[in-house]
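In what follows, a structure is listed as structure tokens, so that the remarks can point back to it.
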Amino acid sequence: MIWLATRLAFHNRARFIVTLLGVVFSAYLTLTETALYIGMMENATSIIRHAGADLWVASKGVQNFDFAKPFPDDRAKTLQSRAEFLWAKPISLSWGFLKLRDGAQELVEIIGYDPRAPVGGPWEMASGAPADVAGGDRMIVDESAAQRLGELRLGSSWEVNDRPIKLVGLSRGARTFTTAPIVFTSYDLAQEMTPNISRRATAAYIAIKLRNPKDAERVAKALRGELKENEILTTAAFVDRTVLYWTVQTGMGAAFCLTAILGLIVGAGTIGQTIYANTMEHLGEFATLKAMGASARDLDTIILAQAGIDAGLGFGFAAPLALLSKAPLETMGVTLAIGPLLLAGLFCVTLVSALVAAYVSIRRVQKLDPATVFRSQ
Amino acid sequence: MKPLLEARALTKHYEQGTMTVAAVEGVSFTVSGGEIALIIGPSGSGKSTLLSMLGCILRPTSGAILLAGHEVSNLPDRDLPRIRRRCFGFVFQSFHLFPFLTARENVETALRLRKISADARRRRSADLLEACGLEDRMDFYPASLSGGEKQRVAIARALAGDPFILLADEPTASLDSANGELIFEMLRRFAKKDGKAVVMASHDPSARGYADRIHAIVDGRMTEIGPIN
């Protein structure tokens, strides 16, 4: 019966093309909105996920990675001596201004880390190494910042917070939710560049790597008893908290969710309306099929297969379009996180909404009296 | 000869507001293989309702329908499509061909419903269309066929599943007399040659010449006029 559904779907080509355009548009909208949201959340949590830490010591009430309240960094030294920790290193986070070639300034997020420890610094390098920031006024900038900062040539000199600083490396994939470029530098230099003297010798976080990562929950519980002025979070909990903050507390998640749902509704509505119009136009043929002995399952298959064809082809065009627009959008600083899981998941959602939209047509055909074929028309 | 199709005291009542309307009232009737039964009667007399009930499309209010001696009118709804698929071929006044399928594909639809293999479908549809004189029209869409050709495709489709009963409702009403004669001749050929039972409702006076028995139905009640000699 899928054969009959195919013939029925393609019979009226103009209607089919209009339907397809509607589904492509809505699937593209849903796909890009969801990918955009995931991309923003990936950016917001990129350092947390890639630092290699099992536990994070943060200030009380921390809500997301980018807005940290500093606390004295001597706690890191105390923690470093614990046998169950592989390492415990302070990470500083501050905001500063980087002077551009044309004299303009760009807001940057300055991450200070220990160049001797594999924590807090860039995790993937386009050129240079994370340890290159050691021993002086040196920085690593993410290659994605070139759009905002101009040409990022290794060895070039820049000014951050009015301090001359040399570019020694380019990281890859380190972005923030705010889209402000990340400047990685040594923890010591980051402290010196902090304009407020009272905030020096303070860390935004202490990243802890455990000898046995399976102990994370147990150790976190123990640390909470010791460091009462701090919040102790596992990496997963910190990611969840950051995502929750940007999604719920800023209302951004609701906005993205609404747009994605609207896309789905437009797509399902287009498919449902077209299939219903097609069904109404071919009620005589459905009645004939019923009279000829087509089972309810045969008839349902014809209608559902039409919905499946519309959804499948619509998504089939929308997905490559979204993939094609990924690179141009990313040059504008927008991250589209389109992976196989998202594609598969959204395809299923599109398909299910199309099948649900076909329900009205199914009910109409189920109620259709096949005896109408014996009445002259 | 044992009848292929038998109706016993078949009645169909419809509720219209507070009134009960009798569309068919106590009709008893049999038709055997190789026999053509013609049902005549004015418009609204109950011919189409009777055909719908005989074809297991419409459930009677009371009475029984037997196929080859087995009662089918008491079967649950879910079994009726299978009965229609296997036992009946339908020919309609308005042809009811699928406009988006070619003549061959229209015939094949009946075979697809019976899950016949692609090779067998192709052979059977070609044979039937050839037998209906449409070998050069197989790949034409209904819109490109004349009324007579459309009805011949519809007959080929009705016969595709090799049913043992053919129900034809005003099969020549939309045709000119020459095409009408051709259709009646085809129905007679299939009844006599293949031993199928044909029940035909028709206003066409020339239909009488092809019928073995004629039944008149007036206000839902039937009287037998034939047999014809």
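Note that the protein sequences, when read in sequence, are chains A and B.
Numbers given in the numbering used here equal positions in the first sequence, counted from 1, plus 829.
Numbers given in the numbering used here equal positions in the second sequence, counted from 1, plus 8.
Heads up, the beta-carbon is just placed ideally off N, CA and C, and yes, glycines get one too.
**Message:** By DSSP's criteria, Ala45 (chain B) is part of a beta bridge. Which residues make up the other side?
**Reply:** B:Val207, B:Arg221
**Request:** Report yes or no: do three or more beta-carbon pairs, one from the region 1180-1198 of chain A and one from the region 28-48 of chain B, lie closer than 8 Å?
**Result:** no
**Item:** Assigned secondary structure, Trp952 (chain A) (DSSP; H/G/I helix, E/B strand, else coil)
**Value:** coil
**Prompt:** What are the uninterrupted segments assigned as alpha helix (DSSP H) that are 4 or more residues long and contained completely in the region 1108-1180 of chain A, given in chain order?
**Reply:** 1112-1121, 1125-1160
**Message:** Under 7 Å, Cβ to Cβ, is there at least one residue of chain B near Glu1114 (chain A)?
**Reply:** yes
**Asked** Looking at the structure shown, is Arg112 (chain B) part of a helix, part of a strand, or coil, going by DSSP?
**Response** helix
**Message:** Our contact map puts Ser861 (chain A) next to Gln976 (chain A) with C-beta atoms below 8 Å; I'd like the distance itself, whole angstroms only.
**Reply:** The amino acid occupying residue 861 (chain A) in the given sequence is Thr; Ser does not appear at that position. Not confirmed; about 19 Å, so no contact.
**Request:** Assuming Ile1035 (chain A) and Ala905 (chain A) form a contact by the criterion Cβ under 8 Å, report the distance between their Cβ atoms to the nearest whole angstrom.
**Result:** 5 Å
**Request:** Taking all protein chains shown into account, decide if Ser81 (chain B) is buried (16 or more other Cβ within 10 angstroms of its Cβ) or exposed.
**Result:** buried
**Prompt:** Using a beta-carbon distance below 7 Å, is Asp170 (chain B) in contact with chain A?
**Reply:** no
**Prompt:** In the region 846-892 of chain A, which residue ranges form an unbroken beta strand (DSSP E) of at least 3 residues, counting only runs that do not cross its ends?
**Reply:** 884-888
**Message:** Ile173 (chain B) and Cys95 (chain B) - do their beta-carbons sit closer together than 7 Å?
**Reply:** yes
**Request:** Look at the Cβ atom of Ser890 (chain A), then the Cβ atom of Ile920 (chain A), and state whether they are nearer than 7 Å.
**Result:** Reading off the sequence shown, one finds Gly at residue 890 (chain A), where the question assumed Ser. Not closer than 7 Å, so no.
**Asked** Beta carbon of Leu1039 (chain A), beta carbon of Asp883 (chain A): below 7 Å?
**Response** yes
**Asked** Using the beta-carbon of each residue, which ones in chain A are nearer than 7 Å to His104 (chain B)?
**Response** Gly1113, Thr1117, Val1202
**Request:** Flag Ala45 (chain B) as yes if its beta-carbon sits less than 7 Å from any beta-carbon of chain A, otherwise no.
**Result:** no
**Asked** Is Phe100 (chain B) closer than 7 Å to Asp177 (chain B) when the C-beta atoms are compared?
**Response** yes
**Item:** Any chain A beta carbon closer than 7 Å to Ile225 (chain B)
**Value:** no
**Thr19 (chain B), DSSP secondary structure in three states** = strand
**Asked** If you follow the alpha helix (DSSP H) that Pro919 (chain A) is part of, which residue opens it and which one closes it?
**Response** Note, Pro919 (chain A): premise wrong, no alpha helix (DSSP H); beta strand (DSSP E) at 914-928.
**Asked** Whose C-alpha, out of A:Lys1196, A:Phe1144, A:Lys1119, A:Met870, is nearest the C-alpha of Arg90 (chain B)?
**Response** A:Lys1119
**Request:** Compare the C-alpha of Lys1057 (chain A) against each of A:Ile1094, A:Gly1145, A:Ser888 and name the closest.
**Result:** A:Ser888
**Asked** When the cut-off is 7 Å and only beta carbons count, does Gln1206 (chain A) lie next to chain B?
**Response** Because the pLDDT at Gln1206 (chain A) is just 47, under 50, the model does not fix this residue reliably, and the value given afterwards should be weighed accordingly. Closer than 7 Å to some Cβ of chain B, the Cβ of Gln1206 (chain A) qualifies, so yes.
**Prompt:** Where Asp991 (chain A) and Thr1005 (chain A) are concerned, what is the direct C-alpha to C-alpha distance, given to the nearest angstrom?
**Reply:** 23 Å
**Prompt:** Would you report the Cα separation of Lys158 (chain B) and Pro1199 (chain A), rounded to the nearest angstrom?
**Reply:** 20 Å
**Request:** Inspect the beta-carbon positions of Asp220 (chain B) and Ile44 (chain B) and report whether they are closer than 7 Å.
**Result:** yes
**Asked** Should His243 (chain B) be labelled buried (16 or more other beta-carbon atoms within 10 Å of its own) or exposed?
**Response** Within the shown structure, residues of chain B are numbered from 9 to 237, placing residue 243 (chain B) beyond reach of any answer.
**Request:** Check whether the region 970-990 of chain A touches the region 927-941 of chain A, taking contact to mean three or more Cβ pairs, one atom from each stretch, closer than 8 Å.
**Result:** yes
**Message:** Going by C-alpha to C-alpha distance, which of A:Phe854, A:Ala864, A:Thr835 sits closest to Leu1171 (chain A)?
**Reply:** A:Ala864
**Prompt:** Is the region 113-128 of chain B in contact with the region 196-212 of chain B, if contact means three or more CB pairs nearer than 8 Å?
**Reply:** no
**Item:** Proximal chain B residues relative to Leu849 (chain A), where beta-carbon distance stays under 8 Å
**Value:** The premise fails here: Leu849 (chain A) is roughly 18 Å from chain B at the closest Cβ pair, so nothing lies under 8 Å.
**Message:** For Ser1182 (chain A), would you say it is in contact with chain B, using Cβ-to-Cβ distances shorter than 7 Å as the test?
**Reply:** no
**Message:** Between which residues of its own chain and Ile867 (chain A) is the CB-CB distance below 7 Å, once the five residues before and five after are set aside?
**Reply:** Ala1166, Leu1171
**Assigned secondary structure, Lys1081 (chain A) (DSSP; H/G/I helix, E/B strand, else coil)** = Per the sequence shown, residue 1081 (chain A) should be read as Met rather than Lys. Correct three-state label for Met1081 (chain A): helix.
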